[in-house]
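These protein sequence lines are chains A and B, in that order.
Read in order, the letters of the first sequence correspond to residues 1 to 450 in my numbering.
Read in order, the letters of the second sequence correspond to residues 451 to 510 in my numbering.
Beta carbons: idealized from backbone N, C-alpha and C, even for Gly.
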Amino acid sequence: MRFFEQGAVQLAGLVRSKQAKAAEILEAHIARIETHDPLLNCFTDRTFARARAEAAVVDARVAAGEDVGPLAGVPVAVKNLFDVAGLPTRAGSKIRRTARPATADAPVLARLVRAGAVLLGALNMDEYAYGFVTENAHDGVTRNPHDISRIAGGSSGGSSAAVAAGFAAITLGSDTNGSIRLPAGLCGVFGLKPTYGRVDRSGTFPFVDSFDHLGPFARSAADLALAYDLLQGTDQASGKLGRRIEPARVAVLGDWFEQGATEEMLEAVAAVARGLGATARVTLPEAGRARAAAFCISAFEGGQLHKADLCSRPQDFDPATRPRLIAGALQPAETIYQAQRFRAWFQARAEQIFENFDLLLAPATPCTAPLIGQKTMVLGGVEMPMRPNLGIYTQPISFIGLPVVCVPVVSAGLPRGVQIIAPPGREALALAAAARLEADGVVAAPVAAL
Amino acid sequence: MDVEDFEPYLNAASALIGLPIRPEDRAEVMAAFAVITAQARLVTEFHLPESIEAAPRFVP
Numbered sequence: 001m002r003f004f005e006q007g008a009v010q011l012a013g014l015v016r017s018k019q020a021k022a023a024e025i026l027e028a029h030i031a032r033i034e035t036h037d038p039l040l041n042c043f044t045d046r047t048f049a050r051a052r053a054e055a056a057v058v059d060a061r062v063a064a065g066e067d068v069g070p071l072a073g074v075p076v077a078v079k080n081l082f083d084v085a086g087l088p089t090r091a092g093s094k095i096r097r098t099a100r101p102a103t104a105d106a107p108v109l110a111r112l113v114r115a116g117a118v119l120l121g122a123l124n125m126d127e128y129a130y131g132f133v134t135e136n137a138h139d140g141v142t143r144n145p146h147d148i149s150r151i152a153g154g155s156s157g158g159s160s161a162a163v164a165a166g167f168a169a170i171t172l173g174s175d176t177n178g179s180i181r182l183p184a185g186l187c188g189v190f191g192l193k194p195t196y197g198r199v200d201r202s203g204t205f206p207f208v209d210s211f212d213h214l215g216p217f218a219r220s221a222a223d224l225a226l227a228y229d230l231l232q233g234t235d236q237a238s239g240k241l242g243r244r245i246e247p248a249r250v251a252v253l254g255d256w257f258e259q260g261a262t263e264e265m266l267e268a269v270a271a272v273a274r275g276l277g278a279t280a281r282v283t284l285p286e287a288g289r290a291r292a293a294a295f296c297i298s299a300f301e302g303g304q305l306h307k308a309d310l311c312s313r314p315q316d317f318d319p320a321t322r323p324r325l326i327a328g329a330l331q332p333a334e335t336i337y338q339a340q341r342f343r344a345w346f347q348a349r350a351e352q353i354f355e356n357f358d359l360l361l362a363p364a365t366p367c368t369a370p371l372i373g374q375k376t377m378v379l380g381g382v383e384m385p386m387r388p389n390l391g392i393y394t395q396p397i398s399f400i401g402l403p404v405v406c407v408p409v410v411s412a413g414l415p416r417g418v419q420i421i422a423p424p425g426r427e428a429l430a431l432a433a434a435a436r437l438e439a440d441g442v443v444a445a446p447v448a449a450l
Numbered sequence: 451m452d453v454e455d456f457e458p459y460l461n462a463a464s465a466l467i468g469l470p471i472r473p474e475d476r477a478e479v480m481a482a483f484a485v486i487t488a489q490a491r492l493v494t495e496f497h498l499p500e501s502i503e504a505a506p507r508f509v510p
């Protein structure tokens, strides 16, 4: 048995039933990381000494007959904007790598550790989470485990690639405009962006307060649901994964969410629709303007957040981030005010759709993973800049805080992710749909062959 | 509008809020601002009923 191919539920089961030790599971993952991460570049900080100490505690507690928790001995890792005790929370930046080390883990990480997880380290990302590529000027590019010439996506690229590569069974990331869903889709793993406000963001470095969410990556719907259950505590999805999905209450999003998508991405959405028995199609009106509003608000809030450093030490920013933050901070108030008003209008349109439907389907990205360094992409026959346009299907959804599970559709070639979008507060339904699709072989997230 | 058309606004806004633009960043900031402005136009040109209030916080 190769431990790095097992999911969190399986690994914890082995440890709790004394069929395997947390220490040996950990060493298998460390060996995998040491062999392959020099090329993939997922980790910016390795906390292997801490992980070994945590695994030893787990093994001792299991030997003593204690119930260690549902993540007993499961290796996890976090995007480097999560506080990790003893590490500066660099958030992908050069500026913050000399920040005072965190004195405690972020509360969400602490929840995983209390459930028995062992922390392998912190993961690469776009600087200050402002990007979709994880081509970080300070920490290098994270490569896609399914094709190392291609990006992992971003901004949580280290988190998605680490799960795809078998470095960790569960990782945590953040999603402001698509930064969980987009890299999950490009790397062929499951990702969950919960409802806005569902998961405690304290102990993490912000990007856009209006849109920031935290969530998990995993290689199965069950692992994703377990992580979700542990990250909060008021909603429990794991026990509801077998619930029935009513086909008539599922619809494919048309219009904006099809325009520009490649044929293979539309095929992936169709495969998920078939898997759920869905035949309906619905339009979420003015989604393009929603994307535009999210674009402007993100640039503004991000720029304002970093204004002091943009003034005093602009040379220390990633060249790909700096001009967008400066331009964003200089926007007129009219744009931000009208964008926030539009948000209320757009949210009401989504609520109307959810009167008739429970789940909406859309591609996670317009195409499969672009090449590292690629500048442009073809959207609907038109050549467009690649970086700002990878998130055109994710931005309108996070703009109004809806929960989304990104599922990896079984297909030849590069991974294809599809968003399963639910009404606010109904993460469990989207997770149940993911579990149903997985059971039927429509979606899967095997460890990449390296 | 051409990218250069934004320069007077950017100069004024930069001075007003105290966020300088270094000469070596100017071209890329102007290009980024042009992209933002194109997106902003999609928002500001859309007529919203007067009853619509701003929603800076998501409330389910």
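Can you list, in chain order, the residues of the region 293-311 of chain A whose Cβ is nearer than 7 angstroms to any Cβ on chain B? A293, F295, C296, A299, K307, L310 and C311
Three or more C-beta pairs closer than 8 angstroms, one from the region 290-297 of chain A and one from the region 389-406 of chain A: is that the case here? yes
Quick one: does A218 of chain A have its CB under 8 angstroms from some CB of chain B? no
Near A428 of chain A, which residues of its chain fall below 7 angstroms by C-beta distance, leaving aside the five closest residues on each side in sequence? D235, A237 and K240
Opposing strand residues paired with Q419 of chain A [DSSP bridges]: A:A362 and A:C406
Can you tell which of A:R114, A:Q232 and A:V9 has the C-alpha that lies nearest to the C-alpha of A55 of chain A? A:R114
Quick one: grab the DSSP three-state call for R507 of chain B. coil
Does the region 180-195 of chain A come within contact of the region 399-408 of chain A, defined as at least 3 CB pairs closer than 8 angstroms? yes
Can you tell me where the beta strand (DSSP E) with M384 of chain A in it begins and where it stops? V382 to P385
In whole angstroms, give me the CA-to-CA distance for P370 of chain A and A350 of chain A. 31 angstroms
Quick one, are the C-beta atoms of A53 of chain A and P75 of chain A less than 8 angstroms apart? no
Helix, strand or coil: how does DSSP classify M451 of chain B here? coil
Bridge partner(s) assigned by DSSP for H213 of chain A: A:D175
When you compare each of A:R61, A:A152 and A:V442 to S179 of chain A by their alpha carbons, which one comes out closest? A:A152
Mapping DSSP to helix, strand and coil, what is T35 of chain A? helix
Against chain B, which members of the region 315-333 of chain A pass a CB distance test of less than 9 angstroms? Q315, P319, R322, P323, R324, L325, I326, A327, G328, A329, L330, Q331 and P332
Cβ-based neighbour list, Q352 of chain A, same chain, cut-off 8 angstroms, excluding 5 preceding and 5 following: none
From what residue to what residue does the alpha helix (DSSP H) around G158 of chain A run? G157 to A164
Put T103 of chain A into one of helix, strand or coil per three-state DSSP. coil
Option in A:F357, A:D67, A:A329 and A:P423 with minimal Cα separation from A465 of chain B: A:A329
Residue closest to L437 of chain A, alpha-carbon to alpha-carbon, out of A:P70, A:A278 and A:F300: A:A278
Could you have a look at L226 of chain A and say whether DSSP puts it in helix, strand or coil? helix
Where R324 of chain A and T134 of chain A are concerned, what is the direct C-alpha to C-alpha distance, given to the nearest angstrom? 16 angstroms
Proximity of L224 of chain A and L431 of chain A at Cβ, strictly below 8 angstroms: yes
Assuming M265 of chain A and P423 of chain A make a contact with CB atoms under 8 angstroms, what is their CB distance in whole Å? Contact doesn't hold; Cβ gap of about 24 angstroms is too wide.
Using only the alpha-carbon positions, how far apart do A49 of chain A and R249 of chain A sit? 49 angstroms
Taking only the alpha-carbon atoms, compute the straight-line gap between R341 of chain A and L498 of chain B and give it to the nearest angstrom. 8 angstroms
Could you spell out the range, first to last residue, of the alpha helix (DSSP H) harbouring R324 of chain A? R322 to A329
According to DSSP, which residues form a beta bridge with V108 of chain A? According to DSSP, which records beta bridges pairwise, V108 of chain A is partnered with nothing at all.
Going by other Cβ atoms of all chains shown within 10 Å of its Cβ, with 16 needed for buried, is T376 of chain A buried or exposed? exposed
Is the separation between the beta-carbon of V252 of chain A and that of F217 of chain A shorter than 8 angstroms? no
Looking at the C-beta of D248 of chain A, does it have a partner C-beta in chain B at a distance below 8 angstroms? Here residue 248 of chain A is Ala; the residue named in the question, Asp, does not match the sequence. By this cut-off, A248 of chain A is not an interface position.
If you run the structure through DSSP and keep just helix, strand and coil, what is D147 of chain A? strand
Give me whichever residues DSSP pairs with E135 of chain A in a beta bridge. A:V141
Kindly list, in the order they appear in chain B, the residues whose Cβ is closer than 7 angstroms to that of Y130 of chain A. Under the 7 angstroms cutoff, chain B gives no residues; its nearest Cβ is about 11 angstroms from Y130 of chain A.
Could you tell me whether any Cβ in chain A is nearer than 8 angstroms to the Cβ of V485 of chain B? yes
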